[in-house]
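Colleague: Once you've had a glance at the structure underneath, I'll fire off some questions.
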Amino acid sequence: MLNKFVSYIVPLLIIFIIICGIKEKKDVFKLFVDGVLEGLKIVYSIFPYILAITIAMYVLRDTGALNVLLTPLKPVLSFFNIPDDIIPLCIMRPLSGGASTSIVMDIFKNNGPDSISGKMASVIMGATETTLYTVTILLGAVGIKKARGIIIAGIIADVCAMIVGVTLVNVGIL
């Protein structure tokens, strides 16, 4: 019963939006197309940056340069029982949801979803946000230029979520 209800939520929401638009005498289809066009413009403007960051992360990881950069951190990581393959996810997650999802899929493929790395990756994906991406899209859409405080607060929240997630997995709660 509940599954049937849940499968009808999105179509009912779409119908509700269309009815509200018609009631207010708005051209719903034109508004929809305008929204899609605006979304494509935003994607077009930020895609090169996301692609560049994603490629840079994979190049760093696949060439071994990331391991060289992480060498000074390895004692700290091993003390807190943090696997090396979680670090690229922690770096990428605030930047791009798609790139971080592909990193998680690599972690699942290499270690399994029930491994320590898999559990930590799952918690990090669920507890954090693509902060820089979201702030860029949302604030750029309304024309806000000064976002320093918002970005700092978002990054602090992401780091706290990562620390708590890693801790909960290490303690065995998750």
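Numbering (numbering that gives the first Met the number 0), first residue to last: 0 to 173. Just so it is clear, CB atoms sit at the ideal spot from N, CA and C, and this is done for glycine as well.
(1) Here's the rule I'm using: 16 or more other beta-carbon atoms within 10 Å means buried, otherwise exposed. How should I106 be labelled?
(2) Helix or strand or just coil, what does DSSP make of S95?
(3) Quick one, which of A152, I18, K29 and L36 has its alpha-carbon nearest T130's?
(4) So is A120 buried or exposed if we call it buried at 16+ other beta carbons inside 10 Å?
(5) Which class does K22 belong to by DSSP, given the choice of helix, strand or coil?
(6) What does the alpha-carbon distance come out to for the pair P74 and N66?
(7) Pick helix, strand or coil for D84, following the three-state DSSP scheme.
(8) Let me check understanding here. Comparing Cα to Cα, which of I143, L1, M91 and T133 lies closest to M124?
(9) Threshold first: 4 residues or longer. Then list the alpha helix (DSSP H) segments lying entirely within the stretch 17 to 62, N to C.
(10) Determine the DSSP secondary structure at S114, reduced to helix, strand or coil.
Modeller: On the basis of the supplied data:
(1) By the 10 Å Cβ count, I106 comes out buried.
(2) Coil at S95, not helix or strand.
(3) Ranking the options by Cα distance to T130, first place goes to A152.
(4) By the 10 Å Cβ count, A120 comes out buried.
(5) Shown here, K22 sits in a helix according to DSSP, grouped into three states.
(6) In a straight line, the C-alpha of P74 is about 13 Å away from that of N66.
(7) In the structure shown, D84 sits in a helix (DSSP, three-state: H, G or I).
(8) For the residues I143, L1, M91 and T133, the minimum Cα distance to M124 belongs to M91.
(9) Segments of the alpha helix (DSSP H) lying fully in the stretch 17 to 62: 27 to 62.
(10) Per DSSP, reduced to three states, the secondary structure at S114 is coil, with no helix or strand assignment.
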